[in-house]
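Engineer: Residue numbers (our numbering), protein chains in the order written: chain A, 286 to 632; chain B, 63 to 573. Beta carbons are placed, not taken as given, at the ideal position from N, Cα and C, and that holds for glycine.
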Amino acid sequence: MTPKVSDALGHIERELVALWQPDESGTTKPHATTLNLLAVHGQREPSFFDTLEDVAARLGARTFVVCVDARLEPWALDGEVSAVCRLEPGSAREAVCAERVTLRFGTMAGKRAQSILDSLIESSLPTALYVGPGAPANVVDALAGSAGVIVMDSAELGLSRGARLASQTSAVVHDLAFVRTRRWREMLARVFDDPALLPALSQVTRVEIVHGTRADHAGQSAEAELLVAWLAARLGWSPGFEDARGSRVRVEVRDDPRPGVVPGCMLRVALAANHHDGELLARVERDADGEHVSWHVSAPGSEPQSRRFSIPKRDDAELVERAIRSFRTDSLLRQTLSFAEKWKNHG
Amino acid sequence: MNDNPLRAGMLEDLSVDPCVLVIFGASGDLTSRKLLPGIYALAKNRMLPSAFALVGFARRPIGDDELRQKMRAAVEQHARQKPIDTAVWDDLARGMRYVQGAFDERAAYRRLGEVLEELDRTRGTRGGRTFYLAVPPHNVRSIVENLVYHGLCPRPGGDGPHARVVVEKPFGTDLASAKQLNRELLGLLDERQIFRIDHYLGKETVQNLLVLRFGNTIFEPLWNRNHVSHVELTVAEHLGMEGRGKFYEETGLMRDIVQNHALQLLSLVTMEAPVAWDADSVRDEKVKGLRALRPIRSIEEVRSSTVRGQYVGGIVRGDAVPGYREEADVSPTSEVETYVALATRVDNWRWADVPFYLRAGKRLQKRVTEIALHFKPLPHPLFDSQGMGLRQPNSLVLRIQPDEGIALRFATKIPGQGVAMRDVAMDFRYGTAFGHESPEAYERLLIDAMRGDATLFTRHDEVEAQWTFVDPISSAWRQNEAPLVTYEAGGWGPAAADALLAPNAHRWSKP
Numbered sequence: 286m287t288p289k290v291s292d293a294l295g296h297i298e299r300e301l302v303a304l305w306q307p308d309e310s311g312t313t314k315p316h317a318t319t320l321n322l323l324a325v326h327g328q329r330e331p332s333f334f335d336t337l338e339d340v341a342a343r344l345g346a347r348t349f350v351v352c353v354d355a356r357l358e359p360w361a362l363d364g365e366v367s368a369v370c371r372l373e374p375g376s377a378r379e380a381v382c383a384e385r386v387t388l389r390f391g392t393m394a395g396k397r398a399q400s401i402l403d404s405l406i407e408s409s410l411p412t413a414l415y416v417g418p419g420a421p422a423n424v425v426d427a428l429a430g431s432a433g434v435i436v437m438d439s440a441e442l443g444l445s446r447g448a449r450l451a452s453q454t455s456a457v458v459h460d461l462a463f464v465r466t467r468r469w470r471e472m473l474a475r476v477f478d479d480p481a482l483l484p485a486l487s488q489v490t491r492v493e494i495v496h497g498t499r500a501d502h503a504g505q506s507a508e509a510e511l512l513v514a515w516l517a518a519r520l521g522w523s524p525g526f527e528d529a530r531g532s533r534v535r536v537e538v539r540d541d542p543r544p545g546v547v548p549g550c551m552l553r554v555a556l557a558a559n560h561h562d563g564e565l566l567a568r569v570e571r572d573a574d575g576e577h578v579s580w581h582v583s584a585p586g587s588e589p590q591s592r593r594f595s596i597p598k599r600d601d602a603e604l605v606e607r608a609i610r611s612f613r614t615d616s617l618l619r620q621t622l623s624f625a626e627k628w629k630n631h632g
Numbered sequence: 063m064n065d066n067p068l069r070a071g072m073l074e075d076l077s078v079d080p081c082v083l084v085i086f087g088a089s090g091d092l093t094s095r096k097l098l099p100g101i102y103a104l105a106k107n108r109m110l111p112s113a114f115a116l117v118g119f120a121r122r123p124i125g126d127d128e129l130r131q132k133m134r135a136a137v138e139q140h141a142r143q144k145p146i147d148t149a150v151w152d153d154l155a156r157g158m159r160y161v162q163g164a165f166d167e168r169a170a171y172r173r174l175g176e177v178l179e180e181l182d183r184t185r186g187t188r189g190g191r192t193f194y195l196a197v198p199p200h201n202v203r204s205i206v207e208n209l210v211y212h213g214l215c216p217r218p219g220g221d222g223p224h225a226r227v228v229v230e231k232p233f234g235t236d237l238a239s240a241k242q243l244n245r246e247l248l249g250l251l252d253e254r255q256i257f258r259i260d261h262y263l264g265k266e267t268v269q270n271l272l273v274l275r276f277g278n279t280i281f282e283p284l285w286n287r288n289h290v291s292h293v294e295l296t297v298a299e300h301l302g303m304e305g306r307g308k309f310y311e312e313t314g315l316m317r318d319i320v321q322n323h324a325l326q327l328l329s330l331v332t333m334e335a336p337v338a339w340d341a342d343s344v345r346d347e348k349v350k351g352l353r354a355l356r357p358i359r360s361i362e363e364v365r366s367s368t369v370r371g372q373y374v375g376g377i378v379r380g381d382a383v384p385g386y387r388e389e390a391d392v393s394p395t396s397e398v399e400t401y402v403a404l405a406t407r408v409d410n411w412r413w414a415d416v417p418f419y420l421r422a423g424k425r426l427q428k429r430v431t432e433i434a435l436h437f438k439p440l441p442h443p444l445f446d447s448q449g450m451g452l453r454q455p456n457s458l459v460l461r462i463q464p465d466e467g468i469a470l471r472f473a474t475k476i477p478g479q480g481v482a483m484r485d486v487a488m489d490f491r492y493g494t495a496f497g498h499e500s501p502e503a504y505e506r507l508l509i510d511a512m513r514g515d516a517t518l519f520t521r522h523d524e525v526e527a528q529w530t531f532v533d534p535i536s537s538a539w540r541q542n543e544a545p546l547v548t549y550e551a552g553g554w555g556p557a558a559a560d561a562l563l564a565p566n567a568h569r570w571s572k573p
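1. Would you kindly check if the distance between the Cβ of W539 of chain B and the Cβ of E399 of chain B is under 9 Å?
2. Can you name, in chain order, every residue of its own chain whose Cβ lies under 7 Å from the Cβ of A518 of chain A, other than the five neighbours on each side?
3. Looking at the C-beta of M63 of chain B, does it have a partner C-beta in chain A at a distance below 9 Å?
4. Write down the C-beta distance between F86 of chain B and V197 of chain B rounded to the nearest angstrom, noting that I regard them as a contact closer than 8 Å.
5. Just how far apart, CA to CA, sit C81 of chain B and G189 of chain B?
6. Can you name the residues of chain B whose CB is closer than 8 Å to the CB of L483 of chain A?
7. Is the beta carbon of M158 of chain B less than 9 Å from the beta carbon of G118 of chain B?
8. Which whole-angstrom value is the C-beta distance of V416 of chain A and M393 of chain A, which I expect to be below 8 Å?
9. Taking the alpha carbon of A456 of chain A as the reference point, which residue from A:K629, A:R470 and A:G430 has its own alpha carbon closest?
10. Assess contact between the region 231-249 of chain B and the region 520-538 of chain B, defined as three or more Cβ pairs (one per stretch) separated by less than 8 Å. Is contact present?
11. Just mark E510 of chain A as buried or exposed, buried being the case when its beta carbon has 16 or more other beta carbons within 10 Å.
12. When the cut-off is 9 Å and only beta carbons count, does G302 of chain B lie next to chain A?
13. Taking a contact to mean a Cβ-Cβ separation below 9 Å, would you say L337 of chain A touches G364 of chain A in this structure?
14. Return the bridge partner residues of F309 of chain B from the DSSP annotation.
15. Give me, in chain order, the residues of the same chain whose beta-carbon lies closer than 8 Å to that of R299 of chain A; leave out the 5 immediate sequence neighbours on both sides.
16. In its own chain, which residues sit with a C-beta less than 7 Å from the C-beta of E74 of chain B, not counting the 5 before and 5 after it?
17. According to DSSP, is V197 of chain B part of a helix, a strand, or is it coil?
18. Return the first residue and the last residue of the alpha helix (DSSP H) that I509 of chain B is part of.
19. Taking buried to mean at least 16 other C-beta atoms within 10 Å of its own C-beta, is W411 of chain B buried or exposed?
20. By how many angstroms is the C-alpha of L357 of chain A removed from the C-alpha of S616 of chain A?
21. Looking at the C-beta of L76 of chain B, does it have a partner C-beta in chain A at a distance below 9 Å?
22. Verify the CB distance criterion: does R484 of chain B have a CB-CB separation below 9 Å to chain A?
23. Would you mind stating whether K106 of chain B and H140 of chain B have Cβ atoms separated by less than 9 Å?
24. For L76 of chain B and L404 of chain B, what's the separation of their Cα atoms in angstroms?
25. Can you give me the C-alpha to C-alpha distance between S571 of chain B and E432 of chain B, rounded to a whole angstrom?
26. Keeping to the same chain, check which residues put their C-beta closer than 7 Å to that of E138 of chain B; ignore five residues upstream and five downstream.
27. Apart from the five residues just before and just after S329 of chain B, which ones in its own chain have a Cβ nearer than 7 Å to its Cβ?
28. Check whether the Cβ of V117 of chain B lies closer than 9 Å to any Cβ atom in chain A.
29. Using the C-alpha atoms, what's the distance from P218 of chain B back to V161 of chain B?
30. With which residues is F257 of chain B paired in a DSSP beta bridge?
31. Thinking V424 of chain A and V340 of chain A are a contact (beta carbons under 8 Å), I'd like their distance in whole angstroms, please.
32. Cα-Cα, which of B:I377, B:Y373 and B:T406 is closest to S396 of chain B?
33. Kindly provide the ranges of any alpha helix (DSSP H) runs that are 4 or more residues long and lie completely inside the region 287-321 of chain A, ordered along the chain.
34. Using a Cβ-Cβ cutoff of less than 8 Å, which residues in the same chain neighbour E526 of chain B once the five nearest sequence positions on both sides are dropped?
35. DSSP on V458 of chain A, reduced to helix/strand/coil?
36. Kindly give me the distance between the Cβ atoms of I476 of chain B and T267 of chain B, rounded to whole angstroms, as I take these residues to be in contact under 8 Å.
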């Protein structure tokens with residue numbers, strides 16, 4: 286007979302208590318929990334687990350790793366509790382430990398997942414939901430209501446689903462794909478910090494974005510599309526890319542199948558605008574080393590400018606940690622996701 | 063820049079305007095140990111604006127490349143995040159320049175102006191300037207005068223680029239000199255441009271003290287004379303002079319620690335809630351707190367309410383150490399204090415009659431800075447306190463360093479038959495709770511100065527209020543109106559300090 290879910294829950298609760306009991310020598314594990322971290326995933330993507338491990342350790346989180354396992358009975362719950370301990374730097378001593386609860390649900394998860402997690406989370410602490418690759422929509426939607434912060438990655442989730450999730454929740458939402466465009470947005474913004482070039486921003490004629498090919502989503506990059514959506518939303522363009530004067534802006538997003546490039550990552554952004562009697566050209570391009578970008582601006586009446594900046598290596602754990610800590614939505618994200626959805630619907 | 067619609071809504075960590083940080087005293091110890099590692103950490107954590115450059119200004123005749131090498135070596139030695147990220151460093155190094163010159167050499171400021179203009183063109187720094195004066199106090203006036211004379215540090219106006227000056231302590235050597243320095247600076251600059259740095263204010267726990275008090279509802283109702291019996295403030299070092307004997311002979315612990323760090327902490331404990339979280343609102347309340355400190359003016363008061371001590375040889379952390387007078391560059395007959403204890407009151411409605419005890423010293427048992435609020439004793443003991451003196455079971459300890467954190471001590475029942483109680487501590491440590499290192503104080507303060515947020519910097523009237531309290535005590539000591547007592551290195555200070563607390567039947571706690 287399949288055990289009742291409440292029995293399985295009781296077992297998990299007892300294990301959670303037992304975790305912090307003294308061992309035979311009377312020693313208790315040092316224990317700190319500052320956050321409930323609900324991590325939902327749909328496939329065993331090793332990089333997701335590496336990131337999760339790192340984030341949980343940095344944040345001292347009681348972590349719930351949640352997935353749906355089709356091999357289980359539809360109503361079943363299978364759980365496992367462990368303590369994850371960080372070692373003191375330079376020593377083999379445990380500095381501090383936090384709980385990890387792995388929960389596998391049968392396919393009828395949904396509300397059941399919410400009820401179980403509501404029982405297990407430390408209700409006095411904030412709760413963050415980290416949406417991993419292939420996370421089942423019914424579980425994510427059910428848990429979104431318990432979370433104060435939602436961290437997703439529309440590069441994995443898709444822009445439409447990301448936009449929907451962001452629009453349906455009052456939680457603070459972070460999209461890692463949008464966060465990854467931050468440097469590129471900053472580089473574009475920098476072009477127009479010069480008051481002499483600022484008027485050109487209302488006369489953009491062309492935007493070209495090149496990104497690494499994603500084998501599984503050929504021709505698509507959430508980062509590239511979010512960058513376009515951000516630019517368009519900030520400049521008041523219509524979903525068909527007409528500017529405020531009704532002039533059409535040519536927007537091209539394409540992939541570059543060069544080997545060795547992180548799939549989907551941004552490689553080049555170029556922007557052209559009418560300026561005085563000529564053309565302003567701005568270009569931001571990832572160098573071959575992958576660690577720098579070159580930034581060039583030329584415009585009539587100004588000296589051409591070129592700079593080279595380091596671009597941080599992709600560190601998802603740091604992005605997730607920062608997102609969770611910030612506890613406030615990047616105000617541009619909802620605006621950008623909303624534009625992206627309208628753009629996609631516009632066809 | 064505010065008109066650029068692409069800048070709107072970008073997260074706070076990008077809100078530092080493009081700027082050049084100019085460090086006067088670039089070849090000094092502070093630059094190597096704190097400023098450059100701090101700048102590197104900010105760069106590594108992407109807190110600096112993309113348009114950023116750094117100019118070192120010092121007398122030593124070196125070039126840009128030598129400055130970069132020296133700074134790289136300093137960062138490699140002192141950075142808290144190692145190993146050094148080459149890409150981050152290279153980007154930072156590309157924006158480094160060196161200007162050689164004396165602090166009063168006009169031609170050097172012209173060269174500085176040219177370098178700044180060049181950086182504006184090549185690095186896009188757009189006229190934003192933060193001048194960090196990591197120099198002895200007697201150089202401050204000359205540097206600021208030259209900056210202003212050469213048009214490098216204009217007064218603020220409109221939305222133009224910023225120019226700010228960060229001044230290191232000490233801010234004067236007494237009330238008169240502090241007033242003089244303030245007058246001189248304010249004659250050349252606007253108060254909004256002056257950032258007087260006291261690195262204690264950049265520490266997480268110091269900032270958290272304000273959050274603890276004004277971001278929670280449970281502590282503030284207890285934070286007054288109705289519930290607090292007394293307050294202890296300890297700033298203890300186990301180190302001795304470490305090559306600073308000459309400096310100490312001129313300064314003494316009162317000026318080195320008490321006048322600034324200790325009184326800053328005290329004002330954060332005693333202040334009223336500010337009306338807003340902005341620089342002037344916070345500092346207005348701190349100044350009021352300082353002004354409410356009961357003055358210790360007469361010789362009698364200095365004798366009865368203060369203790370000045372000097373360490374003699376002893377054992378610290380297992381090692382035999384020399385006494386102060388045996389330290390390098392210290393006179394064998396020195397009368398300089400290396401320990402201060404004082405008992406005072408805060409004369410306002412909140413704190414009337416609550417004793418505030420402050421002690422600070424070198425070569426004490428361990429390095430610890432903490433504030434302890436001891437709550438009033440139980441009116442009537444109901445339970446068996448196991449002889450542990452639990453008439454007064456509650457205290458709240460705010461640890462500033464090391465192990466920044468907060469501990470709440472309270473009584474609990476010992477498990478088993480009967481109702482016996484024992485005190486336990488609910489202990490919150492930053493390191494474990496947040497699982498990562500807090501940024502160094504200088505990182506926070508550098509970024510705040512570049513942002514123009516002066517909340518964690520000291521205002522001119524704050525400095526003057528601090529000196530107003532300290533001056534009469536120092537003056538009495540200089541005239542030897544109060545005895546200098548000795549204490550053994552490695553202990554908790556002279557026995558005379560215990561006598562300060564005796565009239566109220568209080569005792570120093572052992573941190």
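Structural biologist: Straight from the coordinates:
1. yes
2. Q620, T621 and F624
3. The predicted model places M63 of chain B with a pLDDT of 45, which falls under 50 and marks its position as unreliable; any figure quoted below should be read in that light. At least one chain A Cβ lies under 9 Å of M63 of chain B.
4. 5 Å
5. 7 Å
6. D65 and N66
7. In this structure, G118 of chain B lies closer than 9 Å to M158 of chain B by Cβ.
8. Rounded, the Cβ-Cβ distance is 20 Å, inconsistent with contact.
9. A:G430
10. yes
11. buried
12. For G302 of chain B, the nearest beta carbon of chain A is not closer than 9 Å to its own beta carbon.
13. no
14. DSSP lists no partner for F309 of chain B.
15. none
16. Because E74 of chain B carries a pLDDT of 46, less than 50, the predicted location of this residue cannot be relied on, and the following value inherits that uncertainty. Closer than 7 Å at Cβ, skipping near neighbours: no residue.
17. coil
18. A503 to R513 is the extent of the alpha helix (DSSP H) around I509 of chain B.
19. It is exposed - the Cβ of W411 of chain B has fewer than 16 other Cβ atoms within 10 Å.
20. 41 Å
21. Bear in mind that the predicted position of L76 of chain B carries a pLDDT of just 47, short of 50, making it unreliable; the figure below should be weighed with that in mind. Yes, L76 of chain B counts as interfacial toward chain A.
22. With 9 Å as the cut-off, R484 of chain B does not count as an interface residue toward chain A.
23. no
24. Residue placement at L76 of chain B is flagged as unreliable, the pLDDT there being 47, under the threshold of 50; the coordinate-derived value follows with that caveat. When only Cα atoms are considered, L76 of chain B and L404 of chain B end up about 45 Å apart.
25. 11 Å
26. I146
27. Within the same chain, K348, G351 and L352 come within 7 Å of S329 of chain B by CB-CB distance, once the 5 residues on both sides are set aside.
28. no
29. 25 Å
30. B:V228
31. Rounded, the Cβ-Cβ distance is 19 Å, inconsistent with contact.
32. B:Y373
33. 290-304
34. L237, A240, K241 and N244
35. strand
36. Rounded, the Cβ-Cβ distance is 31 Å, inconsistent with contact.
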